[in-house]
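Protein chains: 2
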Amino acid sequence: MIALLLAGNCCANTALLPSEAKKITAQEVIERIKQHLGVEWKEPTVDTFKAGDPQTTVTGIAVTMMSTLDVLQRAAAQGQNLIITHEPTFYDHLDNPTELPQGQQDAVLAAKRAFIAEHHLVVWRFHDHQHRMRSDQVELGNVHALGWEKYQDPANQYLFTIPETTVEQLAEELRIKLHAAVPRIAGDRQSKVTRVAFSPGAAGFRREIGALEIPDVQVLIAGETPEWETVEYVTDAHTEGRAKALILLGHIASEQAGMEECAKWLRTFVQDVPIEFLPTADMWAAPVSAKTKH
Amino acid sequence: MIALLLAGNCCANTALLPSEAKKITAQEVIERIKQHLGVEWKEPTVDTFKAGDPQTTVTGIAVTMMSTLDVLQRAAAQGQNLIITHEPTFYDHLDNPTELPQGQQDAVLAAKRAFIAEHHLVVWRFHDHQHRMRSDQVELGNVHALGWEKYQDPANQYLFTIPETTVEQLAEELRIKLHAAVPRIAGDRQSKVTRVAFSPGAAGFRREIGALEIPDVQVLIAGETPEWETVEYVTDAHTEGRAKALILLGHIASEQAGMEECAKWLRTFVQDVPIEFLPTADMWAAPVSAKTKH
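Respectively, the protein sequence lines represent chains A and B. One point on numbering: in my numbering, the residue at position 188 of the first sequence is 213, and numbering is uninterrupted. One point on numbering: in my numbering, the residue at position 32 of the second sequence is 57, and numbering is uninterrupted.
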């Protein structure tokens, strides 16, 4: 480097010293995401900053399913100050928990906000547009985690034709591959199935029944859904002698692979900082006692 | 009877022939319920007729947690043509499933409606006012099923001080006594608890967090709730080292005892027709195959 300086013009030298490495802000990371989405950015959306200053220089990115305090602690400990999360951070779909009886004074909420502030973390939610990508990135993550590429229906990315199995065996495969602590089955768990719909997360009654109304769909896999809606529907369908069953994996297990997919995708156009997928512990698994936490 | 007739005035004879027994309509049963509630009737409410003609003469009453088609079939087979249910019948909180992609042509819905019409059933929902009774009748049912009368807090019917146990052992007690197929625990399942809140059904974030914010409440029992709301809250509370855990029993198991309580209560002022509590099978239990159904 000294030789080059002595040689004169050196503006073409791109080997910058670490302190001169180009910094990237949280806002700039999100702008790159928008550019690489492949679909138009639409508002209103929940895909916004939830905490922290978007102008913060990013030192590392943690990509996660749900930004629980545990995930935030791990991210902070590893110097990951931008957290990209799929689920809400503050217990409400709009991250605005107005229904908390003690409001912003609620101790649990206040402690979480304080942690974020102390560690200068920035939290951004990637949900609506992640699902809207030409290949729903969450579904894509599930397909890769399950190894179901060859089973996916070319006409509908949420439908699969799998080798015949029973609902019970399918739930076991999902439990293992997607790390679902407590999968639950409604309908006939012994029934044989081959035509499967996978609606990750809590897509809601309209989408879930839309899948179940497809005549050859025999089982719907989802994250969570109200029992007086889709679950009662499947229960009645079973009573009517129809081949319809339901497997609920829990929200995190049904979408988490999509965040691992997201981290891989991000690395293709963000190389300025390290990017890590941080799994959210399944909330139904036996947790490590808070006292013995790392 | 003939002797009395020959004796002259017999208007006081109350031993009526069966065909002359005073008939009661579904509407009249509901009017008696309103009179015996002990609280004012308030509208708007979901406590309305959902199907059938309220002027129907009642031949028997089935009281149930959720009027699944299976429950309706059993009621019809036993001559119970008035079904009093706690949960929706038509997959929607207002029993108006506008989100069904195929609308009223949806095969599952249409078959259920057809069954109700063929058997001239009447379905009425008892939900809002049942909870509003001076003793929330659903909670009362749970207290009786659990044998927790002596543990109940005189100042708050949803709070209990029980002999110290662990969250895991408590979940097991609830599984057995309330017939919950798949109880789930969030937070530390090994933690010792004595102060318990029980919020049956899906009361929602505001009520659930209201219970958890009470400083000495260590565990909340509920039916179901969104994972990005109360469950994430409890998960974070646990990470913060707070003694807060959650047991979700499933909706039916968390309220069904209240319908058994309801049937007993109804019999105290409705003796015109037989009244039976018909349990709804837990939707997460392995069901009997539809082909071998009774």
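Beta carbons are placed, not taken as given, at the ideal position from N, Cα and C, and that holds for glycine.
- Within chain A, the residues whose beta carbon sits less than 9 Å from that of H276 (chain B) are P251, E252, W253, V256, listed in sequence order.
- The shortest C-alpha to C-alpha distance from A222 (chain A) to any of A:Q177, A:E254, A:K202, A:A205 is the one to A:Q177.
- Here DSSP, grouped into helix, strand and coil, assigns F151 (chain A) to coil.
- Counting C-beta atoms within 10 angstroms of its own C-beta, K75 (chain B) has 16 or more neighbours from the protein chains shown and is therefore classed as buried.
- The Cβ atoms of Q52 (chain A) and P69 (chain A) lie no closer than 7 Å to each other.
- DSSP places I246 (chain B) in the strand class (E or B) of the three-state scheme.
- Assignment of alpha helix (DSSP H) within the stretch 246-316 of chain A, counting only whole runs of 4 or more residues, yields 257-264, 276-292 in chain order.
- Under the criterion of beta carbons closer than 8 Å, H111 (chain A) and G283 (chain A) qualify as touching, at roughly 7 Å.
- Taking 7 Å as the cut-off, the Cβ atoms of R150 (chain B) and V64 (chain B) do not count as close.
- Between R150 (chain B) and chain A, the shortest Cβ-Cβ separation is not below 7 Å.
- When the beta-carbon positions are compared, A206 (chain A) and D95 (chain A) stay at least 7 Å from each other.
- DSSP places R214 (chain A) outside any alpha helix (DSSP H), giving it a letter other than H or E.
- Proximity to N121 (chain B) across B:T73, B:V83, B:E265 peaks at B:T73, based on C-alpha coordinates.
- Put simply, the CB of L125 (chain B) is near chain A, with a gap under 7 Å to one of its CB atoms.
- Excluding sequence positions up to five before and after L165 (chain B), its CB lies within less than 6 Å of the CB of E286, all in the same chain and listed in chain order.
- T73 (chain A) does not reach chain B, its nearest Cβ partner there being about 16 Å away, counting only Cβ pairs nearer than 8 Å.
- Using a Cβ-Cβ cut-off of 7 Å, R292 (chain A) does not count as an interface residue toward chain B, since no Cβ of chain B sits closer than that to its own.
- The beta carbons of I109 (chain A) and V88 (chain A) sit closer together than 7 Å.
- In the three-state reduction of the DSSP assignment, D178 (chain A) falls in the strand class, which pools E and B.
- Counting only Cβ-Cβ distances below 7 Å, E189 (chain A) has no contacts in chain B at all, with the closest Cβ about 17 Å away.
- Going by DSSP, V133 (chain B) is part of the alpha helix (DSSP H) stretching over 132-143.
- Shortest Cα-Cα distance from L146 (chain B) to any of B:Q130, B:L184, B:L107, B:Q281 involves B:L107.
- By the rule that beta-carbons nearer than 7 Å mark a contact, R209 (chain B) touches chain A.
- When secondary structure is reduced to three states using DSSP, K48 (chain B) falls in the coil class, being assigned neither helix nor strand.
- Think of a sphere of 9 Å around the beta carbon of M91 (chain A): the chain B residues whose beta carbon falls inside it are E252, W253, E257, T260, in chain order.
- Burial is judged here by how many other beta carbons sit within 10 angstroms of a residue's own beta carbon; A102 (chain B) has fewer than 16 and is exposed.
- Judged by beta-carbon spacing, I277 (chain A) lies within the 7 Å limit of T305 (chain A), meaning their Cβ atoms are closer than that value.
- Looking from the CA of V192 (chain A), the closest CA among A:V256, A:R157, A:Q243 belongs to A:Q243.
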